[in-house]
Amino acid sequence: MSQTTTLRGPSLFIAQGWGKKGWSNLKECAQSAAALGYKGLQATLWTGGAIDTKLAAESKTYCDEQQGIATGEGCPIVELANHVEGQLMRCGTAYRPQFRAFAPEEMGDDWNAISQWAAYRMKLSASAARNFGFDHTMYEWPQRPKGLVTAAFNALAAAWRPVFEHGDEVGVAYAFELHPMEDLMDGSTFNRFKRHTGNRKSAKILLDLSHRKVAACPQDAMEQFIRNHAEDIAMFHVKDGEFIATAESDAYGSFLPWSERPGCFRSTGDGQIDYQRIFDLLGRELKLGLWATVEWEDCRGKGWTQGTREAVHFVNAWLNQTPPPAKTMPEASGETFDDFVGGGEANPVLLAEILGISVDQVNTEEPAA
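One rule links them: number in this note's numbering = place in the sequence shown (from 1) + 20.
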């Protein structure tokens, strides 16, 4: 193909770098990203993130000021993300001990209050996006009894309808990142959610194909998914992935550390996704006009600094249909891709709560090989 692409970029999702040296505030993020060659930022809205969500929702002046800071450093804010707080809209009991940290501490274990707070934050996110001049924002991170799935989707839809109504009022859609650990994990679950919410046009997709690749989805199926959902796709994360099957482990991960799983995330350009075909499909065939936003995650040793530095050149090559750079070996970093959400040390009380056992039954010693 030779026609001009409608994709824009590269832009950078700053969540995984937030708080690292050179990435501790909006000005630094814009400076650092621009120095690497990025043309835009996908900024975080959750509590403690780059943007004060409540202030952004209430004050266009504040949004203009923040945009001025980023633009002044050569890397404007082009999209907003609040998937951390969006996870709390509906959270199953098994996940609550781990997700509690995303809610205000004073709410404790009052999950009705937490869900209401999350809905409030999602509405603020839409208003903030509108004040920045955007028309979409991003949310999110999950033999059954008869009716369980239908009841679950009805409950999920009931929680989201008021949020979608607010989005409709301010002209902002919510882009869901389809993810194996979410309620909306693929095209089928997204379609079902749309039906349960009355086919709301404000429910969109953030396309991140790495999640399909680590689940062993073939390239042709991913491309057909894009064609099926061309009208739904509002945002695009350029994150790579690979699936290398073994005799002992498969797509479910086997409770192994990320670095040992058959399916894992890779720095942009290092995985198995044919992104030249994806870029041509999105930008030249379908002409969706999306920002190509790099999200760095790597389970095989590359850190944020190396991964984001190299990703710029891969994205520019795919945008311009030129040969991509050669792949490189990881530089020592000591970083892991999910540092930014934390995990903490082993806590027997928390482990007992998650497992449904008593604290004195918790044993974290690995047996001998």
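Cβ atoms here follow ideal geometry from the backbone N, Cα and C, with glycine treated the same way.
In this text the structure is predicted, and so the values were computed from the model without any measurement.
CA nearest to the CA of residue i, picked from the options
{"i": "M255", "options": "F275, A195 and Q244", "result": "A195"}
{"i": "V296", "options": "G94, Q341 and A265", "result": "Looking at the sequence shown, residue 296 is not Val but Gln. Among G94, Q341 and A265, the Cα nearest to that of Q296 is on Q341."}
{"i": "V379", "options": "R150, A366, D203 and K307", "result": "A366"}
{"i": "A54", "options": "E93, E355 and T313", "result": "E93"}
{"i": "S145", "options": "K221, W137 and L65", "result": "L65"}
{"i": "V190", "options": "D155, M201, A177 and T209", "result": "D155"}
{"i": "N219", "options": "F210, F263 and K259", "result": "F210"}
{"i": "E202", "options": "L108, S135 and D260", "result": "L108"}
{"i": "Q292", "options": "V332, R232 and E78", "result": "R232"}
{"i": "S222", "options": "R212, G187 and P238", "result": "G187"}
{"i": "F245", "options": "L229, A312, A236 and H257", "result": "L229"}
{"i": "A175", "options": "C111, A235 and E197", "result": "C111"}
{"i": "M390", "options": "Q326, L371, V332 and N336", "result": "Shown here, the chain extends from 21 to 389; a query on residue 390 therefore has no answer."}
{"i": "I298", "options": "W316, E243 and P345", "result": "E243"}
{"i": "D270", "options": "H257, S31 and C284", "result": "C284"}
{"i": "W316", "options": "I264, V258 and L371", "result": "V258"}
{"i": "L56", "options": "K40, A76 and S31", "result": "S31"}
{"i": "P117", "options": "K74, E385 and V369", "result": "V369"}
{"i": "P238", "options": "I264, D318 and E251", "result": "I264"}
{"i": "T67", "options": "Q136, H103 and E385", "result": "H103"}
{"i": "D318", "options": "W311, V234 and A178", "result": "V234"}
{"i": "A50", "options": "K40, K80 and I89", "result": "I89"}
{"i": "A178", "options": "S208, S135 and P165", "result": "S135"}
Bridge-paired residues (DSSP) for residue i
{"i": "H257", "result": "T313"}
{"i": "M28", "result": "Note that residue 28 is Arg in the sequence shown here, rather than Met. In DSSP, R28 forms a bridge with W311."}
{"i": "L61", "result": "L32 and I97"}
{"i": "R320", "result": "According to DSSP, which records beta bridges pairwise, R320 is partnered with nothing at all."}
{"i": "G283", "result": "F263"}
Rounded straight-line distance, which links the Cα of residue j to that of residue i
{"i": "P282", "j": "L276", "result": "9 Å"}
{"i": "S147", "j": "K347", "result": "41 Å"}
{"i": "R150", "j": "A267", "result": "50 Å"}
{"i": "I253", "j": "L302", "result": "10 Å"}
{"i": "P182", "j": "L339", "result": "38 Å"}
{"i": "Y115", "j": "I374", "result": "8 Å"}
{"i": "F334", "j": "T288", "result": "7 Å"}
{"i": "Y140", "j": "G273", "result": "35 Å"}
{"i": "T217", "j": "G69", "result": "29 Å"}
{"i": "G42", "j": "T24", "result": "35 Å"}
{"i": "F173", "j": "G167", "result": "10 Å"}
{"i": "D72", "j": "S279", "result": "35 Å"}
{"i": "K322", "j": "A352", "result": "7 Å"}
{"i": "M8", "j": "L226", "result": "Within the shown structure, residues of the chain are numbered from 21 to 389, placing residue 8 beyond reach of any answer."}
{"i": "R320", "j": "E355", "result": "11 Å"}
{"i": "K200", "j": "D206", "result": "Sequence inspection shows Pro at residue 200; the Lys mentioned does not correspond to that position. The straight-line gap from Cα to Cα measures roughly 8 Å."}
{"i": "H249", "j": "G29", "result": "21 Å"}
{"i": "G309", "j": "E78", "result": "29 Å"}
{"i": "N383", "j": "I377", "result": "11 Å"}
{"i": "R304", "j": "L27", "result": "8 Å"}
{"i": "K224", "j": "F33", "result": "18 Å"}
{"i": "V314", "j": "K307", "result": "19 Å"}
{"i": "V169", "j": "L198", "result": "18 Å"}
{"i": "Q36", "j": "F213", "result": "28 Å"}
{"i": "R153", "j": "A193", "result": "Inspection of the sequence shows that residue 153 is occupied by Gly rather than by Arg. Between G153 and A193, the C-alpha separation is close to 12 Å."}
{"i": "W38", "j": "A101", "result": "13 Å"}
{"i": "N45", "j": "T91", "result": "14 Å"}
{"i": "E262", "j": "F184", "result": "34 Å"}
{"i": "E330", "j": "A389", "result": "39 Å"}
{"i": "P345", "j": "E105", "result": "37 Å"}
{"i": "F360", "j": "L204", "result": "Caution is warranted here: a pLDDT of 48 is assigned to F360, below 50, making its placement in the model unreliable, and no coordinate value can be reported."}
{"i": "W137", "j": "W311", "result": "30 Å"}
{"i": "D130", "j": "T113", "result": "12 Å"}
{"i": "W161", "j": "E251", "result": "Any reading at W161 needs caution, since the residue's pLDDT is 44, under 50, leaving its predicted position unreliable; the model's value is listed next. Roughly 22 Å between the two C-alpha positions."}
{"i": "T81", "j": "K74", "result": "13 Å"}
{"i": "Q381", "j": "P165", "result": "30 Å"}
{"i": "A121", "j": "W324", "result": "24 Å"}
{"i": "N336", "j": "R286", "result": "18 Å"}
{"i": "D294", "j": "D240", "result": "10 Å"}
Residue i CB to nearest heavy atom of the ligand MN below 7 Å
{"i": "F334", "result": "Ligands are entirely absent from the displayed structure, and the ligand MN is therefore not among its contents."}
Short CB-CB distance (under 8 Å) between residue i and chain B
{"i": "A101", "result": "Absent from the structure: chain B. Only one protein chain is present."}
Contact between the region 116-127 and the region 71-86: three or more CB pairs below 8 Å? no
How about the region 57-74 and the region 97-110: do they share at least three Cβ pairs that are nearer than 8 Å? yes
What residue ranges within the region 203-266 form continuous alpha helix (DSSP H) runs of no fewer than 4 residues, ordered along the chain? 207-216, 230-233 and 239-248
At 4 residues or longer, and completely inside the region 97-157: list those alpha helix (DSSP H) runs for me, N to C. 103-106, 116-119 and 131-152
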